[in-house]
Every structure is written in C-alpha cells, then in structure tokens.
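These notes concern the structure reproduced below.
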C-alpha cells in the first residue's frame, strides 16, 4: 500500500474517532507528524502505525487507562498531542468576554438566584469550556466572575474544562503560563491573579480551586452524563474547535450540547463556526459582539428569547462597573478579529455629519475622512468604520486605503468572506500590496488555514524583506507545527530586523506593541530554549 493510501486510511480513522478532519492538502504535514510517532515506537512503516491505532481502538481499556495517566499516555493521546493546536491565551476575543461580563453572566446569575429563591435551595451555576486547550479560557471565565464580585462561597458552582489532548489537560491543571499567554491581559489583572514562578506565572490557588479539568472526546463521550459531571450546563463555550471537525461530527456534538444544557442556557462558539449547521433547536441571539445560541425553555415561545439584562445584579455584583480587563502590554504579531458594539465606542458619541454631507465634503477633505474611519477602526467601532469607508470608496473607487479599513473591520467582526472580497479588489489594482497580503494571512490564520497563511506570509517576505510581522507570524505557525529549525530561523530573521528599529516603533497600532517589546520577548524565548 502506498503512503497516500495509508494517510487516507489514518485520516478516516482519526475522523471516526474524534471528528477531526484532515484535508488532502494537509497530508504532507500529517505525514511528517505521523512519522515522528512511527519512529518513536520503533515501527518501520506508516501502515504499521495505522495497525497500532486500530489495535488500541479494539482495546478501549488501554485508551482510557492512558487518558487517566495509569501506565502512560495511549498512542491516541500521543497522536492528539501533536495533531491539535494547543496555543491559546487569556481573554482571547475580548469582545465575547465583554458580552459575558456585561450581559450573559449577569443574566444567568439573576435567573439562577430567582430559581434558587423559589425552590429554597442554594443557587447553582455550571459552566463548561469544551475543548479548553491549556486552560486559559476557563481561568479567564473565573477571573471575570471574580471581578464581578461573585460570591463563590454562596454558590454551588462548577467550572469545568475538557479537551481531547491529555497533555493540554495536564498543562491546564498546573496553571503555569509564559508571558505570551498574557498578551490580552492588563498588568493589574496579571498581578492580582497570578504569581511569578521563575520565568513563568501561576494562577492563584484561590481560582485554581474553583475550576476542574478532565480528558474528553466530544464525539465519542456520552453526555449528558452525571458520572463525568457534564449535565445541566448553564453555559458552554466551544470556541475554535468546530473548525477542525467534519460536518457530521459537528452536527452530533451540537445535538449533545443541546441535550446537556439547562433551559435558557447559552452556547458560544467561534465566529461563523456554525453557519453551515442546522441550529433550529436553539434560539439565535445576535449581539454586536457575537452570535449566541440559547436553548429554548419548554414554555417559551420560539419567537421570543429570554430578555437580556444589564450588569447591575444585586447581591452578587458590585454596583460599580467591572474593572477593565485591559489591553495587552505584551507584543503580538497580529491582532486577532474581535467584535465590539459600535454604539459603545467612545468616538461614536461625538456628532457626525449626515452621509450626503460627508460624501460631498470628501473631495475637499479626503485625508480627514480616512483618519476618521481609521479612528473608528482603532476604537473597535467596526460597523461605523465600515459605513465611513464605504462612503469614501463610493466617492473614490480607487481609494485602496478605504477598502483596507473596511476589510479590517469586516475581519474583526468575523465576516471573513466580505473582508477577502475587498482585499482581492485592492490586489487587482495593486498586486504587490504587502499590507493586503498580510491581512489575508491573518484571516487565513484565524480560519486555521495555515498553509494558505504561510503562502501569503512567504510572498510578503519576498516582496518586502523588512516586513518583520511576516517573520513573526511564520515563526508562530512553524512552532505550532513542531518545526523547531524553521521556527528558530524565522525568529532569527525577526530579531535581526527588530534590532535595526527604534525600540518604540509601534508594530501594531491596535495592540500598541513595539519593536522593543517584541525583541525582549524573542530574546527571552531564545534564552529559555
């Protein structure tokens, strides 16, 4: 049997076991990873490795034994450790966290208090991070609750995370993270909830005691299931998981999620992850920050969701606004898409010209109009930024800067197709525009199209040898793919370029990260390795 046929067999086996979909264009990367394990086991062929996986499926006790840490990891666990991307960070997609803090969690808390009051019981809150990776998401939820003055001792609360990678679960349980995991965390929050441990930081014992992590296979595991504590869940977060799975697996999993949730419970996924799925069993609530899937209460009319409430919940929340979780003070190559309600952006509170007036003034003040649109983008008032940009390029069809602003805003709202369409329009006029190629690379990364992202990034380095962010992103992707030589090579190129820039050079206007911050970060990574 040739290698391609064996790769197809293994891909089908992986899909049937976990739902993870390996596309033919990813076979080269898959082959490299499988050969790592094949050689580690002393096997001589990929077919031999395939037989090993099949053998373990016929011995479920071995698989379970490995996942529980008795006798070491099973080969399936070793495989998922290299297949899955366990790179995360705290408060990833901060706008979804804003939605949680200002709306969904207060709503849940208020409803749970009413239920407990009517039943004369202790209020209960159950949150599940499904596909929790190394734990940053679940700890972020714990921090949000704590910042809301949540009275832990008055509640029966369960925050649980599960992941198919046992190595990720082990990492999450330790709660120890490098500075890179804090790139969306303010210094005050980091100081309050983490303490230094050599070159790393560990979550406070107080919060570690509030969370639990366990191995879980979303496709194979039965739930709802009291034995695994996965039942009557009020809030499920399953973000950036479905992008790896085939359509049939996704359908099965969301059906099980629905059965596991409490009436009026919430499901949050990554942007656009369920657009192709039948979600009619849920009520879809469209917030500016995100789509939320709510399980319909039995007595609830299908046309009317439970009302959302503000964050002034008595008893458990302080009357003052929740303290801001802040922007990252650490470097970041590419600010990832987020969505913020335009009405909340400070700049939107100022008076604006009517569209016709703005349009007629463009010929006289195009630069000011572009600065206005850029300011809206920087303030994360994405809807308004798009509207301003459209007015500009309707009057000036060749104003590529306006197209770029609108494309950025669409991408940050998760509307990748519209963003890519605008980018392609610019490239038709400017086929060597590296800024547009970089935006396309960022979109590809967010959609986990890493081969496409690498193609764009390599094209950038060919067109502009000094485009440092391209090398930084390539290093990140190669590190995810467990290619240390290529990772180090890209970091070396980046360090060389960074050393030639003034330390206060801003590399990303949205995150404010500077060349000096990046240089310090890469030097520490180099010393640690």
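In the working numbering, the protein residues as written are 1272 to 1800.
Note that the Cβ used here is the ideal one computed from N, Cα and C, for glycine as well.
Note that the coordinates shown come from a computational prediction; the quantities given were computed from them, not determined experimentally.
Close Cβ partners of residue i (< 6 Å) along its chain, the five nearest in sequence each way excluded
{"i": "residue 1276", "result": "none"}
{"i": "residue 1765", "result": "1739, 1742, 1743"}
{"i": "residue 1384", "result": "1394"}
{"i": "residue 1307", "result": "none"}
{"i": "residue 1793", "result": "1762, 1766"}
{"i": "residue 1355", "result": "1436"}
{"i": "residue 1584", "result": "Note that residue 1584 scores a pLDDT of 35, beneath 50, so its modelled location is shaky and nothing firm can be said."}
{"i": "residue 1552", "result": "1529"}
{"i": "residue 1602", "result": "Confidence in residue 1602 is poor, its pLDDT being 36 and thus under 50, which makes the residue's placement unreliable; the coordinate value appears in the next sentence. Excluding sequence neighbours, residue 1602 sits near 1784, 1788, 1789, 1792."}
Chain-order list of residues whose beta-carbon lies under 7 Å from that of residue i (same chain, five-residue window excluded)
{"i": "residue 1397", "result": "1429, 1503, 1504, 1505"}
{"i": "residue 1641", "result": "1663, 1672, 1673"}
{"i": "residue 1749", "result": "1757, 1758, 1761"}
{"i": "residue 1300", "result": "1752"}
{"i": "residue 1349", "result": "1308"}
{"i": "residue 1732", "result": "1738, 1741, 1742"}
{"i": "residue 1691", "result": "1711, 1714"}
{"i": "residue 1698", "result": "1704, 1707"}
Contact check, residue i vs residue j, beta carbons under 7 Å
{"i": "residue 1281", "j": "residue 1321", "result": "yes"}
{"i": "residue 1373", "j": "residue 1346", "result": "no"}
{"i": "residue 1712", "j": "residue 1727", "result": "yes"}
{"i": "residue 1399", "j": "residue 1525", "result": "no"}
{"i": "residue 1401", "j": "residue 1433", "result": "yes"}
{"i": "residue 1769", "j": "residue 1789", "result": "yes"}
{"i": "residue 1490", "j": "residue 1289", "result": "yes"}
{"i": "residue 1722", "j": "residue 1296", "result": "yes"}
{"i": "residue 1287", "j": "residue 1359", "result": "no"}
{"i": "residue 1284", "j": "residue 1324", "result": "yes"}
{"i": "residue 1639", "j": "residue 1647", "result": "no"}
{"i": "residue 1784", "j": "residue 1776", "result": "no"}
{"i": "residue 1537", "j": "residue 1305", "result": "no"}
Which listed residue (the options) has its alpha carbon closest to that of residue i
{"i": "residue 1278", "options": "1289, 1309, 1317", "result": "1317"}
{"i": "residue 1511", "options": "1457, 1757, 1718", "result": "1718"}
{"i": "residue 1668", "options": "1652, 1648, 1686, 1700", "result": "1700"}
{"i": "residue 1649", "options": "1687, 1779, 1361", "result": "1779"}
{"i": "residue 1436", "options": "1274, 1377, 1484", "result": "1484"}
{"i": "residue 1703", "options": "1734, 1324, 1789, 1434", "result": "1734"}
{"i": "residue 1716", "options": "1737, 1773, 1752, 1693", "result": "1752"}
{"i": "residue 1737", "options": "1724, 1756, 1767", "result": "1767"}
{"i": "residue 1651", "options": "1470, 1692, 1416, 1684", "result": "1684"}
{"i": "residue 1482", "options": "1416, 1490, 1646", "result": "1416"}
{"i": "residue 1542", "options": "1564, 1495, 1530", "result": "1564"}
{"i": "residue 1531", "options": "1777, 1473, 1501, 1694", "result": "1501"}
{"i": "residue 1363", "options": "1639, 1451, 1647, 1459", "result": "1451"}
{"i": "residue 1548", "options": "1528, 1522, 1562, 1381", "result": "1522"}
{"i": "residue 1464", "options": "1458, 1470, 1475, 1457", "result": "1475"}
{"i": "residue 1518", "options": "1755, 1554, 1291", "result": "1291"}
{"i": "residue 1357", "options": "1438, 1426, 1389", "result": "1438"}
{"i": "residue 1654", "options": "1637, 1487, 1686", "result": "1686"}
{"i": "residue 1495", "options": "1725, 1666, 1527, 1310", "result": "1527"}
{"i": "residue 1499", "options": "1509, 1431, 1298", "result": "1431"}
{"i": "residue 1666", "options": "1695, 1636, 1694, 1513", "result": "1636"}
{"i": "residue 1449", "options": "1516, 1478, 1420, 1361", "result": "1361"}
Contact test: residue i Cβ vs the ligand ATP heavy atom, cutoff 6 Å
{"i": "residue 1474", "result": "As far as ligands go, the structure on display features none, and thus does not contain the ligand ATP."}
Residues of its chain near residue i, where Cβ-Cβ distance is below 8 Å and the 5 sequence neighbours each way are ignored
{"i": "residue 1660", "result": "1644, 1673, 1674, 1676, 1677, 1680"}
{"i": "residue 1468", "result": "1447"}
{"i": "residue 1274", "result": "1302, 1317"}
{"i": "residue 1461", "result": "1453, 1472"}
{"i": "residue 1387", "result": "1393, 1394, 1395"}
{"i": "residue 1625", "result": "Note that residue 1625 scores 43 on pLDDT, short of 50, meaning its location in the model is unreliable; the coordinates nonetheless yield the value given after this. Contacts found: none."}
Test: residue i CB closer than 7 Å to a CB of chain C
{"i": "residue 1666", "result": "Absent from the structure: chain C. Only one protein chain is present."}
Identity of the residues DSSP links to residue i by a beta bridge
{"i": "residue 1509", "result": "1540"}
{"i": "residue 1496", "result": "1501"}
{"i": "residue 1466", "result": "1473"}
{"i": "residue 1232", "result": "With the chain represented from 1272 up to 1800, any question about residue 1232 goes unanswered, as that position is not in the structure."}
{"i": "residue 1485", "result": "1433"}
{"i": "residue 1532", "result": "1504"}
{"i": "residue 1565", "result": "1537, 1554"}
{"i": "residue 1516", "result": "1291"}
{"i": "residue 1785", "result": "1777"}
{"i": "residue 1401", "result": "1433"}
{"i": "residue 1447", "result": "1473"}
- Message: Whether or not the stretch 1437 to 1445 and the stretch 1403 to 1421 are in contact is what I'm after, with contact meaning three or more pairs of Cβ atoms, one per stretch, closer than 8 Å; do they touch?
- Response: Counting Cβ pairs under 8 Å, three or more are found: they touch.
- Task: Would you be able to state if there are at least three C-beta pairs under 8 Å between the stretch 1366 to 1385 and the stretch 1554 to 1565?
- Result: Taking 8 Å as the limit for Cβ pairs, the verdict is that the stretch 1366 to 1385 does touch the stretch 1554 to 1565.
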